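Peer 1: Can you keep this structure in mind? I'll have questions shortly.
There are 2 protein chains.
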Amino acid sequence: MRRPTIVLFGDSITEESFGDGGWGASLANHFCRSADVLMRGYSGYNTRWALRVAEKVFGGFESPPPAAVTVFFGANDACLPDRSGAFQHVPVEEYRLNLLSLLQLIRSRWPTTILLLITPPPIDEDGRLRFPYADDRSGLPERTNAFAGTYRNACIDAAEELAVPVVDLWTKMQRFPGWEKNLLRDGLHLTAEGNRVVFEEVVERLREQGVSVDAMAVDLPLFSQMDVNDPLKSFSN
Amino acid sequence: MRRPTIVLFGDSITEESFGDGGWGASLANHFCRSADVLMRGYSGYNTRWALRVAEKVFGGFESPPPAAVTVFFGANDACLPDRSGAFQHVPVEEYRLNLLSLLQLIRSRWPTTILLLITPPPIDEDGRLRFPYADDRSGLPERTNAFAGTYRNACIDAAEELAVPVVDLWTKMQRFPGWEKNLLRDGLHLTAEGNRVVFEEVVERLREQGVSVDAMAVDLPLFSQMDVNDPLKSFSN
Chain H
1 MRRPTIVLFG DSITEESFGD GGWGASLANH FCRSADVLMR GYSGYNTRWA LRVAEKVFGG
61 FESPPPAAVT VFFGANDACL PDRSGAFQHV PVEEYRLNLL SLLQLIRSRW PTTILLLITP
121 PPIDEDGRLR FPYADDRSGL PERTNAFAGT YRNACIDAAE ELAVPVVDLW TKMQRFPGWE
181 KNLLRDGLHL TAEGNRVVFE EVVERLREQG VSVDAMAVDL PLFSQMDVND PLKSFSN
Chain L
1 MRRPTIVLFG DSITEESFGD GGWGASLANH FCRSADVLMR GYSGYNTRWA LRVAEKVFGG
61 FESPPPAAVT VFFGANDACL PDRSGAFQHV PVEEYRLNLL SLLQLIRSRW PTTILLLITP
121 PPIDEDGRLR FPYADDRSGL PERTNAFAGT YRNACIDAAE ELAVPVVDLW TKMQRFPGWE
181 KNLLRDGLHL TAEGNRVVFE EVVERLREQG VSVDAMAVDL PLFSQMDVND PLKSFSN
């Protein structure tokens, strides 16, 4: 059976989402008899680069259109412009416009596909100092939580402007006690517990938009619904 | 970019392979910028049922053909014919013939696709007694390791007959000290460590057949290869 697809478009937090306890793998497991979850995460990418490659990325999917696409960028755009991650930095207003362009591009291609924005996560600056990138000897974090928060705001604005549902990850995560270490592994990327938060938020938002296991067809008869006295009967249709 | 696909066809050990530490998720993570790993696991299914649905399962995939298909059945066929799992039991000679039919069906559909058989895992009978299915009050395990071993032999025979590579999981796992509890969660299904064994074996066998990250195109420029002074240059082709 051809199954509906759910496409995850984003940066390293999407690219590594099929690692142990990752939110992408958890989604694939959740939709295990209903949908294929396809990962299109590009480590290090910001929205400027994403916009440059979006036609290539989405050109690879044939009809029917995906059931849903998550768009999860901003962690790299929010690198500070005067620190080691400067070449990934995108000004916040351009970030907002890039998100609008990405969403409009997907929407014009697939008008019925459910879009879901995810804001960048919060930043634990202490974590970034403990786990700097190899070539960064500045002793200064290349991202701060306050600066990431301005990208969170721009992401929410973009979602509202186009009436696209959004996971406010930056806010949601900071409600968890000890979020800095419990949810973030290096001040930026997710622990298994952080992945769990993303997974649960994404499942819930998708469900609100009508994309859920309950609303999808099951691929082939479930074992639990077979007649133990005549299992082949299940396949006669 | 349209990516090559790797299709995992099997029973519950395939269906749950995107759970925490699962071998399917690990494969998806391993091939994260190269291939899509699509799970077609059907919990409880034996080869008799798989053969009934194979056309439907593989009919869902459009061209180009998958790069590889894993075929991982036998754990249910090897239910003892006189115990609680009897309705899943398939005689071992029929199991062998069913595997041959499945492989030939896939091969005739996609002559260039790499096929990989996986034998059923060993059975820890004590584990099966501790975790019986809800409706089994017989006090007897519905599977034994010796009986599963005859299905392992039939799987190896089928692989040799059609010159298809095979992961001899039944033998491989029993070489690990404490395999009964370390690799199996309930005497049958895999722990994270057991999943790791399957993942590593599958990656190695696929690599031997020319299906590897090194041999595949990378989807879009890698961050590590971008020019920090002119990152957009990477996208100009």
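Protein chains in written order, with full-length UniProt numbering: chain H, 1 to 237; chain L, 1 to 237.
All C-beta atoms, glycine included, are put in the ideal place defined by N, C-alpha and C.
Since the model is a prediction, treat every value here as computed from it, not as a measurement.
1) Are the beta-carbon atoms belonging to Leu162 (chain H) and Leu100 (chain H) less than 8 Å from one another?
2) From Val69 (chain H) to Leu169 (chain L), what does the alpha carbon distance come to, in whole angstroms?
3) What number of angstroms, rounded off, separates the C-alpha of Gly187 (chain H) from the C-alpha of Glu193 (chain H)?
4) So which residues of chain L does Lys56 (chain H) contact, with C-beta pairs closer than 8 Å?
5) Is Arg137 (chain L) close to chain H? Criterion is C-beta to C-beta, closer than 8 Å.
6) I think residue 260 (chain H) touches Ile6 (chain H), with their Cβ atoms under 8 Å apart; what is that distance to the nearest whole Å?
7) Would you be able to state if there are at least three C-beta pairs under 8 Å between the region 102 to 110 of chain L and the region 80 to 91 of chain L?
8) Rounded to whole angstroms, how far is the Cβ of Asn21 (chain H) from the Cβ of Met39 (chain H), which I believe are closer than 8 Å?
9) Per DSSP, Phe9 (chain H) forms a beta bridge with which residues?
10) Could you tell me if Val228 (chain L) is buried or exposed, where buried requires 16 or more neighbouring beta carbons within 10 angstroms of its beta carbon?
11) Whose Cβ in chain L lies nearer than 7 Å to the Cβ of Met39 (chain H)?
12) Give the straight-line distance between the Cα atoms of Ala159 (chain H) and Gly60 (chain H), rounded to the nearest whole angstrom.
13) Determine the DSSP secondary structure at Ile156 (chain L), reduced to helix, strand or coil.
14) List the residues of chain H whose Cβ lies closer than 9 Å to the Cβ of Leu232 (chain L), in chain order.
15) Would you check if the distance between the CB atom of Ser17 (chain H) and the CB atom of Gly41 (chain H) is smaller than 8 Å?
16) Determine, using beta carbons only, whether Leu129 (chain L) and Val166 (chain L) come nearer to each other than 8 Å.
17) Check whether the region 136 to 146 of chain L and the region 194 to 207 of chain L touch, using three or more Cβ-Cβ pairs below 8 Å as the test.
18) Does any CB atom of chain L fall closer than 8 Å to the CB of Ser43 (chain H)?
19) Listing by chain order, which chain B residues have their CB less than 8 Å from the CB of Val228 (chain H)?
20) Is it buried or exposed, Arg2 (chain H), if we count other Cβ atoms within 10 angstroms and call 16 or more buried?
21) What's the C-alpha gap between Asp82 (chain L) and Tyr133 (chain L)?
22) Which runs of the alpha helix (DSSP H), 4 residues or longer, sit entirely within the region 156 to 199 of chain L?
23) Show which residues of chain L have a CB atom less than 7 Å away from the CB atom of Glu62 (chain H).
24) What three-state label does DSSP hand Ile123 (chain L) in the structure shown?
25) For chain H, check one thing: does any of its Cβ atoms lie closer than 8 Å to the Cβ of Asp20 (chain L)?
26) Please confirm whether Asp186 (chain L) has its beta-carbon closer than 8 Å to some beta-carbon of chain H.
27) Could you give the residue range of the alpha helix (DSSP H) that holds Leu97 (chain L)?
28) If the criterion is Cβ atoms closer than 8 Å, does the pair Val198 (chain H) and Phe31 (chain H) meet it?
29) Among L:Pro231, L:Ala54, L:Cys155, which residue has its Cα nearest to the Cα of residue 238 (chain L)?
30) Measure the beta-carbon distance from Gly127 (chain H) to Val71 (chain H) and round it to whole angstroms, keeping in mind my assumption that it falls under 8 Å.
31) Under 7 Å between beta-carbons, which chain L residues line up against residue 249 (chain H)? List them in chain order, please.
32) If Ala78 (chain L) and Pro4 (chain L) are in contact, beta carbons under 8 Å, what's the gap, nearest whole angstrom?
33) Is there a C-beta anywhere in chain H that falls below 8 Å from the one on Phe235 (chain L)?
34) Show which residues of chain H have a CB atom less than 7 Å away from the CB atom of Ala163 (chain L).
35) Taking 8 Å as the threshold (beta carbon to beta carbon), is Phe199 (chain L) in contact with chain H?
Peer 2: Let me spell this out:
1) Contact annotation: Leu162 (chain H) and Leu100 (chain H) have beta-carbon atoms nearer than 8 Å.
2) Rounded to the nearest angstrom, the two C-alpha atoms are 37 Å apart.
3) 14 Å
4) Below the 8 Å Cβ cutoff, chain L contributes Met1, Leu220 as neighbours of Lys56 (chain H), in chain order.
5) no
6) Because chain H here runs from 1 to 237, residue 260 (chain H) falls outside it and cannot be looked at.
7) Counting Cβ pairs under 8 Å, fewer than three are found: no touch.
8) Sequence check: residue 21 (chain H) is Gly here, not Asn. Their Cβ separation, rounded to whole angstroms, is 15 Å, which puts Gly21 (chain H) and Met39 (chain H) out of contact at 8 Å.
9) Note: Phe9 (chain H) sits in a beta bridge opposite H:Arg40, H:Val71.
10) exposed
11) Ala28, Cys32
12) 25 Å
13) helix
14) Arg48, Trp49, Arg52
15) yes
16) no
17) no
18) yes
19) No chain B appears in this structure, whose protein chains are H and L.
20) exposed
21) 15 Å
22) 169 to 173, 179 to 182
23) Correct list: Glu62.
24) coil
25) yes
26) no
27) 92 to 109
28) no
29) For residue 238 (chain L) there is no data in the structure shown, the boundaries of chain L being 1 and 237.
30) Not confirmed; about 25 Å, so no contact.
31) Residue 249 (chain H) is absent from the model: chain H starts at 1 and stops at 237.
32) Actually they are not in contact, since the Cβ atoms of Ala78 (chain L) and Pro4 (chain L) sit about 32 Å apart, beyond 8 Å.
33) yes
34) Within chain H, no residue comes near Ala163 (chain L); the closest Cβ sits about 29 Å away, beyond 7 Å.
35) no
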